[in-house]
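First comes the structure, then the notes that go with it.
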Amino acid sequence: MKTKILTGCYAFTLMLSAQPMAWAADINCADASAPKGKIPMCDGVPATCVGTGEDDYIVGSDGDDVIYAGNGNDEVYAGDGNDIVCGGNGDDMLDSGIGDNTLLGGNGDDYLSGSRRSEDRDILIGGNGDDTLHAHPGDDTLYGDRGDDFVGAGPGDDNASGGPGDDFLGGGPGDDILDGGTGTDSCISGPRRDDDTVTNCE
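Going letter by letter, the sequence shown gives residues -24 to -1, 1 to 178 in mature numbering (1 follows the signal peptide of the UniProt record, and there is no 0).
What follows is the structure, given as structure tokens:
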């Protein structure tokens, strides 16, 4: 195993597998042909780039992509542009890249990472499963949804909610809203004396 530091929460780490994945497909959305047949929807929008339904490695284009990874344990890097990414069923890793992005984990234990540019505004929704949501600079919205989730706010004024389940929420620098939701939840404010609003947390 290897350790990845979640800098948005300052005091916590995420353990990730160090073993390389054997990908069923390596998809570059800039080169991929348009989806054929019945086109899946992602957040109500027709997908422009679609996975194989197995364990895929997907890289978005520099434009505005709508990526539907589908079934399998997928790894998606959205790239530049204002993207929408749906993980689908499986334990997925979704990285928003640069832009105002929406990431939806779907079913499974997913890891969602927001944009690293301060002017971007991301929406991260974990879905069903024990998910990890990690915001970066910017005023972002994070919702763990069903499951025991780890929701980490980054620098900026973030709105973070755990949803149903026993969740952990961590604030970052900025005036954050931390709402544990239903369940037995724990919340820690940011490292500075910010004007955080904390509700539904023990």
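Every residue gets a Cβ at the ideal spot worked out from N, C-alpha and C, and that includes glycine. Just so you know, these numbers come straight off a predicted model, no measurement behind them.
Collapsing the DSSP output to three states places His112 in coil. Just measuring C-alpha positions, the residue of His112, Gly64, Leu100 sitting nearest Asp121 is Leu100. Here Val21 is exposed. Its C-beta has fewer than 16 other C-beta atoms within 10 Å. The C-beta separation of Arg93 from Gly64 comes to about 26 angstroms, leaving the pair out of contact by the 8 angstroms criterion. If you look at Glu51, you'll find it in the beta strand (DSSP E) that goes 51 to 53. The C-beta of Ala6 has fewer than 16 other C-beta atoms within 10 Å across all chains shown, which makes the residue exposed.
In this structure, Asp2 is the residue among Asp19, Asp2, Gly90, Phe144 with its C-alpha nearest to the C-alpha of Asp50. With respect to the 9 angstroms criterion, Ser165 and Asp172 are classified as neighbours on the basis of their beta carbons. In the displayed model, Gly128 falls within a strand according to three-state DSSP. Short of 6 angstroms from the beta carbon of Leu79, and not among the five residues preceding or following it, lie these beta carbons of its own chain, in chain order: Val61, Leu70, Ser72, Leu88, Leu100. Using a 10 angstroms sphere on the CB of Thr24, the tally of other CB atoms reaches 16 or more, which defines it as buried. For the stretch 59 to 121, the full-length beta strand (DSSP E) segments reaching 3 residues or more read 60 to 62, 69 to 71, 78 to 80, 87 to 89, 99 to 101, 108 to 110, 117 to 119 along the chain. Judged by their CB atoms, Ala(-1) and Gly36 are not nearer to each other than the 9 angstroms cut-off. Within its own chain, the residues whose Cβ lies closer than 8 angstroms to the Cβ of Ser162, once the five positions on either side in sequence are excluded, are Asp143, Phe144, Leu145, Gly156, Cys177, Glu178, listed in chain order.
Within the DSSP secondary-structure output, Gly146 pairs in a beta bridge with Gly128, Ile164. A residue is called buried when at least 16 other Cβ atoms come within 10 angstroms of its Cβ; Asn4 does not meet this threshold and is exposed. In this structure Gly132 is buried. Its beta-carbon is surrounded by 16 or more other beta-carbon atoms within 10 angstroms. Within the same chain, Cβ atoms closer than 6 angstroms to the Cβ of Thr158 are found at Pro140, the five residues on either side in sequence being excluded. Here Asn176 carries a coil assignment [DSSP, helix/strand/coil]. Taking a C-beta distance under 9 angstroms as the contact criterion, Gly29 and Asp41 do not qualify as a contact pair.
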